[in-house]
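Enquirer:
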Amino acid sequence: MPEPLLDVEDLRTYFSTEEGVVKAVDGVSFKVNAGERRGVVGESGCGKSVTAMSIMRLIEPPAGEIVTGTITFDGRDLLKLPEAQMQRVRGGEIAMIFQDPMTALNPVYTIGDQLIETILLHQDVSKSEARDIAIDILGDVHIPHAKNRMEDYPHQFSGGMRQRVMIAMGLSCDPKLLIADEPTTALDVTTQAQIMSLMLELAEQRNTAVLLITHDLGVVAGFCDTIQVMYAGSIVERGSAVEIFNNPQHPYTWGLLGSMTRLDEVHRKRLNSVRGAPPSLINPPKGCRFAPRCDFTKQICVEALPILRQSPEGQRVACHRADELDLKNLEMEPTL
Amino acid sequence: MTERESSDQLVLEAAEGISAEPITQWDLFVTRLRRHRLAMVAFFFMAFVTYVALMAPLFTCEKNVTFCGSGPIQMSFLTTLIMVVVAVGSGYLAYRSFKGQLRGAGTALAIVAVVSVLFLISSWGIIDLPHINHYADQLPDEDGRILVNIAPRSSLPMGTDDIGRDVLSRVIHGGRASLAVGIVVGALVALLGTVVGALAGYYPGVVDQSLMRFTDLVLGLPLLPVAIVVGRVLPELRILPGFLKQGAWGIAVLLGALIWGGLARIVRAEFLSLREKEFVEAARAAGANDRRIIFRHILPNAISPIIVQTTLVVGTAIIVEAALSFLGFGVRPPIPTWGGMSAAGAAIAPRGYWWELVFSAGALISTVLAINFMGDGLRDALDPTQTIERK
Chain F
17 MPEPLLDVED LRTYFSTEEG VVKAVDGVSF KVNAGERRGV VGESGCGKSV
67 TAMSIMRLIE PPAGEIVTGT ITFDGRDLLK LPEAQMQRVR GGEIAMIFQD
117 PMTALNPVYT IGDQLIETIL LHQDVSKSEA RDIAIDILGD VHIPHAKNRM
167 EDYPHQFSGG MRQRVMIAMG LSCDPKLLIA DEPTTALDVT TQAQIMSLML
217 ELAEQRNTAV LLITHDLGVV AGFCDTIQVM YAGSIVERGS AVEIFNNPQH
267 PYTWGLLGSM TRLDEVHRKR LNSVRGAPPS LINPPKGCRF APRCDFTKQI
317 CVEALPILRQ SPEGQRVACH RADELDLKNL EMEPTL
Chain Z
44 MTERESSDQL VLEAAEGISA EPITQWDLFV TRLRRHRLAM VAFFFMAFVT
94 YVALMAPLFT CEKNVTFCGS GPIQMSFLTT LIMVVVAVGS GYLAYRSFKG
144 QLRGAGTALA IVAVVSVLFL ISSWGIIDLP HINHYADQLP DEDGRILVNI
194 APRSSLPMGT DDIGRDVLSR VIHGGRASLA VGIVVGALVA LLGTVVGALA
244 GYYPGVVDQS LMRFTDLVLG LPLLPVAIVV GRVLPELRIL PGFLKQGAWG
294 IAVLLGALIW GGLARIVRAE FLSLREKEFV EAARAAGAND RRIIFRHILP
344 NAISPIIVQT TLVVGTAIIV EAALSFLGFG VRPPIPTWGG MSAAGAAIAP
394 RGYWWELVFS AGALISTVLA INFMGDGLRD ALDPTQTIER K
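From first to last, the protein sequence lines are chains F and Z. Remember, my numbering sits 16 above the position in the first sequence when you count from 1. Remember, my numbering sits 43 above the position in the second sequence when you count from 1.
#1: In whole angstroms, what is the alpha-carbon distance linking residue 409/Z and residue 80/F?
#2: Is DSSP giving residue 335/Z helix, strand or coil here?
#3: Under 8 angstroms Cβ to Cβ from residue 236/F, same chain only, skipping five residues before and after it: list those, please.
#4: For the stretch 209-228 of chain F, which residues have a CB atom closer than 9 angstroms to at least one CB atom of chain Z, in sequence order?
#5: How long is the line joining the alpha carbons of residue 213/F and residue 250/Z, rounded to whole angstroms?
#6: Buried or exposed for residue 358/Z, going by 16 or more other Cβ atoms inside 10 Å?
#7: On the CB-based measure, 16 or more other CB atoms within 10 Å of its CB, does residue 286/F come out buried or exposed?
#8: Check residue 88/Z in the structure and name its three-state DSSP category.
#9: Got a sec? Which residues, its chain only, sit under 8 angstroms from residue 72/F by beta carbon, not counting five neighbours each side?
#10: Which partner residues does residue 247/F have in the DSSP bridge list?
#11: Considering only their Cβ atoms, is the gap separating residue 85/F from residue 26/F smaller than 7 angstroms?
#12: Using 8 angstroms for Cβ pairs, my map puts residue 334/F next to residue 323/F. What's the rounded Cβ distance?
#13: Note down, in chain order, all residues in the stretch 97-109 of chain F with a beta-carbon under 7 angstroms from any beta-carbon belonging to chain Z.
#14: On a Cα-Cα basis, can you pick out the residue from 293/Z, 360/Z, 131/Z and 380/Z that is closest to residue 275/Z?
#15: Around the C-beta of residue 156/F, are 16 or more other C-beta atoms found within 10 angstroms, so that it is buried, or is it exposed?
#16: For residue 343/Z, return the contacting residues in chain F, with the cut-off set at a CB-CB distance below 7 angstroms.
#17: By DSSP, does residue 118/F sit in helix, in strand, or in coil?
#18: Can you tell me which of the three DSSP states residue 169/F falls into?
#19: Would you decide whether residue 316/F is buried or exposed? Buried here means 16 or more other CB atoms lie within 10 Å of its CB.
#20: Comparing C-alpha positions only, which one of 317/Z, 229/Z, 364/Z and 305/Z sits nearest to residue 246/Z?
#21: Listing by chain order, which chain F residues have their CB less than 7 angstroms from the CB of residue 248/Z?
#22: Kindly list the residues whose CB is nearer than 6 angstroms to the CB of residue 113/Z, restricted to its own chain and excluding five residues on each side of it in sequence; keep chain order.
#23: Looking only at its chain, what residues have a beta carbon closer than 8 angstroms to the beta carbon of residue 218/Z, apart from the 5 residues adjacent to it on each side?
#24: Examine the Cβ distances between the stretch 200-213 of chain Z and the stretch 361-373 of chain Z and report whether three or more of them are shorter than 8 angstroms.
#25: Apart from the five residues on each side of it in sequence, which residues of its chain come closer than 6 angstroms, Cβ to Cβ, to residue 192/Z?
#26: From which residue to which residue does the beta strand (DSSP E) around residue 202/F run?
#27: In chain order, what residues of the stretch 314-327 of chain Z put their CB closer than 9 angstroms to some CB of chain F?
#28: How would you list, in chain order, the residues of chain F whose beta-carbon sits under 8 angstroms from the beta-carbon of residue 340/Z?
#29: Count Cβ pairs between the stretch 120-138 of chain F and the stretch 86-100 of chain F that sit closer than 8 angstroms; are there 3 or more?
#30: How many whole angstroms separate the CB atoms of residue 150/F and residue 128/F, which I take to be in contact at a CB cut-off of 8 angstroms?
#31: Quick check on residue 199/F: buried or exposed, where buried means 16 or more other Cβ atoms within 10 Å of its Cβ?
#32: Helix or strand or just coil, what does DSSP make of residue 246/Z?
#33: When DSSP labels each residue in this structure, what does residue 347/Z get in the three-state scheme?
#34: Closer than 7 angstroms, CB to CB, is residue 330/Z near chain F or not?
#35: Classify residue 87/Z: buried if its beta carbon has 16 or more other beta carbons within 10 angstroms, exposed otherwise.
#36: What residues match up with residue 47/F in a beta bridge as DSSP calls it?
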């Protein structure tokens with residue numbers, strides 16, 4: 017088996033607030049192989065973005081701190097890298113695309129300037145060569161008249177176009193891993209589809225591994241090879257896209273899928289929802305963190321924290337009752 | 044008019060005649076600024092004052108001729124030529140940039156920089172080369188008697204003072220001290236305030252706390268008493284280079300070191316909000332280091348308040364310098380300053396010789412007013428969210 021590109025081991029990122037220590041990411045481990053497209057799914061505040069920020073080491077002390085864990089990327093432990101070398105990794109080997117393309121571009125520079133800046137930071141090329149690379153990559157993300165649009169400011173682009181520019185910026189240095197943090201959340205549905213198919217096309221062409229963070233299961237379905245579902249700071253289920261969608265093992269995944277609108281099914285009832293709200297990450301419940309909201313809670317769920325283990329179906333799941341529950345064939349009770 | 048309509052109209056106005064060209068922020072800025080009539084008047088007034096002050100050493104006064112020939116001021120052909128070339132050249136640049144043909148604030152900054160450098164070079168001249176202090180020359184009549192306290196008349200538009208010097212020449216040269224103080228203090232405050240504010244706003248915790256507490260300390264110093272005491276002591280210090288001990292330079296550096304606190308607070312506030320913006324995060328994710336993020340990504344976004352505040356500080360500095368000179372602690376005579384002339388004028392005004400006081404104080408007041416109107420206009424033009432429009 018080849019070395020994984022990214023190997024995150026027991027990552028714990030805590031934030032200290034006035035109310036106490038928020039355990040935003042609490043013991044997350046996963047591997048991403050070269051060229052793999054991994055989806056990270058979960059509701060707001062479950063630690064998706066913090067995981068991504070931790071990988072990039074963008075968590076700022078003193079507010080937040082990576083308490084334990086190792087992040088091995090391409091054979092190096094990113095958490096032990098000196099800051100200067102980390103700056104070469106950021107943008108050069110791991111690129112990041114942000115949620116809101118409206119604010120992620122600096123309003124006072126032309127997009128050409130911003131692209132060229134990134135290229136010059138990471139590649140040993142002259143300014144005019146960098147310019148040519150920038151024009152090429154703008155063409156690659158299907159921006160018409162790329163040469164002329166280099167001189168335009170971010171406000172002269174639409175949201176979708178700006179996200180294309182962000183993707184161009186992310187891919188301009190041919191990173192091995194692209195972290196996309198909810199890249200389509202701020203866009204309308206048509207544009208979402210365009211951006212996702214563009215990312216798919218480029219990632220396949222360049223064999224770039226992608227870590228796609230989203231709460232939109234529809235986006236993940238068409239894009240990712242593998243999916244991990246996060247809840248309250250830890251991974252509750254991980255498997256291939258087919259496994260997760262066809263045969264969810266964790267009640268939370270099952271709940272998420274049930275609350276999704278699908279075009280291939282006729283819905284006669286109200287959409288389902290997962291009851292309640294995520295627990296406080298300051299004093300999380302002792303047992304399974306999902307137990308208070310779960311429809312299948314038993315005594316053991318409240319008492320012991322389930323660990324991620326292999327299920328008979330192939331994926332990994334952190335649920336005490338995964339084996340006995342047959343979620344696939346269970347009709348969901350509509351919650352009103 | 045609602046904000047929406049007014050900004051649409053701005054876009055339309057800026058687009059007029061250049062329909063295929065994109066409208067830049069600079070175009071919008073210029074359009075908004077041009078609508079601010081008071082600010083435009085102030086700009087041209089200041090351009091005039093600066094120009095006259097800049098060219099002051101080129102005015103020659105022929106001695107031993109009553110009232111300097113036909114008037115107090117005569118110019119050689121070369122002087123006239125230089126003045127015309129400079130005036131036409133800078134006028135043309137200003138015209139083109141206001142028509143939007145020159146792009147970017149960079150052009151404007153270049154003009155300001157060139158003018159400032161020219162000005163500083165020539166004001167160095169009045170301090171280090173005392174032989175061109177003809178503003179100190181007393182005007183004699185045909186019989187060699189000194190003409191003291193001559194009321195304004197066509198040949199002497201502002202009259203003479205109590206020891207027979209031409210008030211117009213002295214008002215013109217006095218402007219050099221005031222503007223030198225203004226420009227030096229402005230530059231110093233912009234530099235100190237921006238650096239301190241940027242560091243404090245970008246690095247939270249120890250750096251922020253220590254820098255801002257130091258800022259509080261400096262802001263807590265009473266300006267005039269400290270300036271008077273330090274200004275009195277400065278010339279006694281042997282280690283200081285000569286140019287700091289006399290004239291406007293020492294005062295300017297002193298004032299600059301005392302009044303940067305307000306700008307530092309404003310810049311810090313801007314940085315606190317801008318450092319949380321996603322584009323800063325994006326820049327960091329693209330591998331930019333702190334220096335690059337501070338100076339290339341955040342600072343250009345914070346430039347508007349810096350420009351506005353610096354402009355207003357220039358006005359304050361000129362007033363404080365005048366106050367110091369009025370009290371006798373500023374620039375030493377015989378170098379004329381508006382503050383010093385006001386003091387001298389105030390002493391003789393009760394005897395009916397009002398002109399020195401009125402003209403020097405008038406020059407001071409109108410200059411400071413113009414600078415404040417410029418600041419107002421810049422603030423309105425640089426802040427697109429402000430809805431109140433002044434005409």
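Virtual Cβ for every residue (Gly too), placed ideally from N, Cα, C. Quick caveat, the model's predicted, so the values are computed rather than measured.
Expert: Answer, in terms of the structure:
#1: In the second sequence, the residue the question calls residue 409/Z occupies position 366. In the first sequence, the residue the question calls residue 80/F occupies position 64. Computed Cα separation, rounded: 54 angstroms.
#2: In the second sequence, counting from the first residue as 1, residue 335/Z sits at position 292. If DSSP states are grouped into helix, strand and coil, residue 335/Z belongs with the helices.
#3: Within the first sequence, numbered from 1, the residue matching residue 236/F stands at position 220. Only 55, 57, 228, 230, 243 and 257 meet the Cβ criterion.
#4: none
#5: Position 197 of the first sequence holds residue 213/F. Position 207 of the second sequence holds residue 250/Z. Rounded to the nearest angstrom, the two C-alpha atoms are 46 angstroms apart.
#6: Mapped onto the second sequence, residue 358/Z falls at position 315. Result: buried.
#7: Along the first sequence, one-based indexing puts residue 286/F at 270. Residue 286/F should be labelled exposed.
#8: Residue mapping note: residue 88/Z aligns to position 45 of the second sequence, counting from 1. In this structure, residue 88/Z counts as helix in the three-state DSSP scheme.
#9: Stepping through the first sequence from its first residue, residue 72/F is reached at position 56. Correct list, in chain order: 106, 110, 112 and 195.
#10: Taking the first sequence and counting its residues from 1, one reaches residue 247/F at position 231. Answer is 250/F, bridged to residue 247/F.
#11: As a first step, residue 26/F must be located in the first sequence, where it is residue number 10. As a first step, residue 85/F must be located in the first sequence, where it is residue number 69. Closer than 7 angstroms, so yes.
#12: What you label residue 334/F is simply residue 318 of the first sequence in a count that begins at 1. What you label residue 323/F is simply residue 307 of the first sequence in a count that begins at 1. With 8 angstroms as the limit, residue 334/F and residue 323/F qualify as a contact, their Cβ atoms being about 6 angstroms apart.
#13: 103, 104, 106, 107 and 108
#14: In the second sequence, residue 275/Z corresponds to position 232, counting from 1. For the residues 293/Z, 360/Z, 131/Z and 380/Z, the minimum Cα distance to residue 275/Z belongs to 293/Z.
#15: Along the first sequence, one-based indexing puts residue 156/F at 140. Residue 156/F should be labelled buried.
#16: Walking along the second sequence from the start, residue 343/Z turns up at place 300. Simply 124.
#17: The residue labelled residue 118/F in the question sits at position 102 within the first sequence. Helix.
#18: Against the first sequence, residue 169/F aligns to sequence position 153. In this structure, residue 169/F counts as coil in the three-state DSSP scheme.
#19: Residue numbering aside, residue 316/F sits at position 300 when the first sequence is read from its first letter. Exposed: under 16 other Cβ atoms inside 10 Å.
#20: Locating residue 246/Z in the second sequence gives position 203, where the first residue counts as 1. Considering only alpha carbons, the answer is 317/Z.
#21: The count along the second sequence starts at 1 and reaches residue 248/Z at position 205. Near residue 248/Z (Cβ distances below 7 angstroms), the residues of chain F are 78.
#22: The residue given as residue 113/Z occupies position 70 in the second sequence. Low local confidence applies: a pLDDT of 33 at residue 113/Z is under 50, so the model's placement there is unreliable, and no value is given.
#23: Within the second sequence, the letter at position 175 stands for residue 218/Z. Result list for residue 218/Z: 92, 95, 96, 99, 381, 406 and 410, in chain order.
#24: no
#25: As a position in the second sequence, residue 192/Z is number 149, starting the count at 1. Correct list, in chain order: 205 and 396.
#26: As a working note, residue 202/F is residue 186 in the first sequence. No beta strand (DSSP E) holds residue 202/F; DSSP gives it neither H nor E.
#27: 320, 321, 322, 323, 324, 325, 326 and 327
#28: Locating residue 340/Z in the second sequence gives position 297, counting from the first residue. The contacting residues are 122.
#29: no
#30: Here residue 150/F is taken as the residue at index 134 of the first sequence, counted from 1. Here residue 128/F is taken as the residue at index 112 of the first sequence, counted from 1. The pair is a contact, with the Cβ atoms about 6 angstroms apart (cut-off 8 angstroms).
#31: As a first step, residue 199/F must be located in the first sequence, where it is residue number 183. Its Cβ being crowded by 16 or more others within 10 Å, residue 199/F is buried.
#32: In the second sequence, the residue the question calls residue 246/Z occupies position 203. In the structure shown, residue 246/Z sits in coil (DSSP, three-state: anything other than H, G, I, E or B).
#33: Taking the second sequence and counting its residues from 1, the one referred to as residue 347/Z is at position 304. In this structure, residue 347/Z counts as helix in the three-state DSSP scheme.
#34: Locating residue 330/Z in the second sequence gives position 287, where the first residue counts as 1. It does; some Cβ of chain F falls within 7 angstroms.
#35: Position 44 of the second sequence, counting from 1, holds the residue named residue 87/Z. Under this definition residue 87/Z is an exposed residue.
#36: Here residue 47/F is taken as the residue at index 31 of the first sequence, counted from 1. DSSP, once it has assigned bridges, lists 23/F as partnering residue 47/F.
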